[in-house]
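Chains as they are written, first to last, in the numbering used here: chain D, 23 to 248; chain H, 38 to 141.
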């Protein structure tokens, strides 16, 4: 778990920055207390930004809730992938599931479809404090902070995800294909679906693992002319 | 109750349920070989989608090429040089995106 905490620190720094911008944007819409409570209780950046966008635009609670759920729905396949690596009864397993965030989930992947749950919990741990603390800073110091976009801070998370992706691409040629397909699906759907749907649909790119069913592990072999 | 608090309470419960459903329902059963291979490809597919949406789309979903793409290219350059330089890559991305915005 200690290794996980150490690995989670740079992500936690980026989470802090993202949380500050959430606090800055949320304060005029939600007041001072609600954004901090939301970060502490929901603890899911993309869902919080999506719900905030709906509320800012004058949408109702129903639309905000649906938007948040759509952006969090990717945790269902992520949780299914994590499940075989977890020990203990339902309560304990559900509790570990609460520590899933994108970066620490991806960092805790080990060989053979398994995860290191202690590492994931450790990597998420510092993120929780910087996420909630950053939201509070954004709410109360919003006026003193400039435009987060002018500082290029919206480019931070794609860069972190790219670093994690590089590790995944090294595992197999099929991982490269899955990544390309996932990106194409997501960008193809983004203009025509609700936010969140493109990323969930991209998960289906992983099904290329099943094709062709009887092929040997090396995906190159089947492509040779017989 | 206000829309804000209704949203917070509902999203708190829904998010907790969504994060729990896989670990609780799938359990610790042994997975078959094809399922293991599919799980192995979930991370690259998901990460690539998060990068693509986070870099190349506007809030309304429209495709766009802006300063974030330059930031991502800078991160890719750093990672090509040093695979493990995660923090350097992220800082390079933010710096380049900020520079492009300052110039544009």
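Ideal Cβ positions, reconstructed from N, Cα and C, are used throughout, including at glycine.
Sequence-distant partners of residue 46 (chain D) (beyond 5 residues in either direction) whose C-beta falls short of 8 Å from its own C-beta, in its chain, are 160, 161, 164, 167 and 170. Put simply, the CB of residue 220 (chain D) is near chain H, with a gap under 8 Å to one of its CB atoms. Contact between residue 98 (chain H) and residue 217 (chain D) holds, since their C-beta atoms are separated by about 6 Å, short of 8 Å. Apart from sequence neighbours up to five positions away, the residues of its chain that approach residue 132 (chain D) with a beta-carbon distance below 7 Å are 138, ordered along the chain. The C-beta distance from residue 52 (chain H) to residue 64 (chain D) rounds to 5 Å, short enough to fall under 8 Å.
Looking at the backbone, the Cα of residue 99 (chain D) and that of residue 149 (chain D) are separated by about 22 Å. Proximity to residue 228 (chain D) across H:108, H:81 and H:129 peaks at H:81, based on C-alpha coordinates. Counting only the Cα atoms, residue 145 (chain D) lies some 14 Å from residue 123 (chain H). DSSP links residue 94 (chain H) through a beta bridge to H:100.
By the Cβ neighbour-count rule, residue 106 (chain D) is buried, with 16 or more other Cβ atoms within 10 Å of its own. Residue H:112 holds the alpha-carbon nearest to the alpha-carbon of residue 88 (chain H) among H:66, H:112, H:75 and H:74. Per DSSP, reduced to three states, the secondary structure at residue 123 (chain D) is coil, with no helix or strand assignment.
Inclusion of residue 174 (chain D) and residue 73 (chain H) in the CB contact set at 8 Å is not warranted, their separation being larger than that value. Contact check for residue 61 (chain D) against residue 38 (chain D) fails: the beta carbons are separated by 8 Å or more. According to the DSSP assignment, residue 171 (chain D) belongs to no alpha helix (DSSP H), since it is labelled neither H nor E. The shortest CA-to-CA distance from residue 193 (chain D) to any of H:79, H:93, H:68 and H:45 is the one to H:79. Counting C-beta atoms within 10 angstroms of its own C-beta, residue 39 (chain H) has fewer than 16 neighbours from the protein chains shown and is therefore classed as exposed.
Taking the beta carbon of residue 162 (chain D) as reference, no residue of chain H falls within 8 Å; the closest one sits roughly 18 Å away.
The alpha-carbon separation between residue 82 (chain D) and residue 75 (chain D) amounts to approximately 11 Å. For the options H:96, H:77 and H:120, the alpha carbon positioned closest to that of residue 134 (chain D) is the one of H:77. Think of a sphere of 7 Å around the beta carbon of residue 119 (chain D): the chain H residues whose beta carbon falls inside it are 56, 57, 59 and 60, in chain order.
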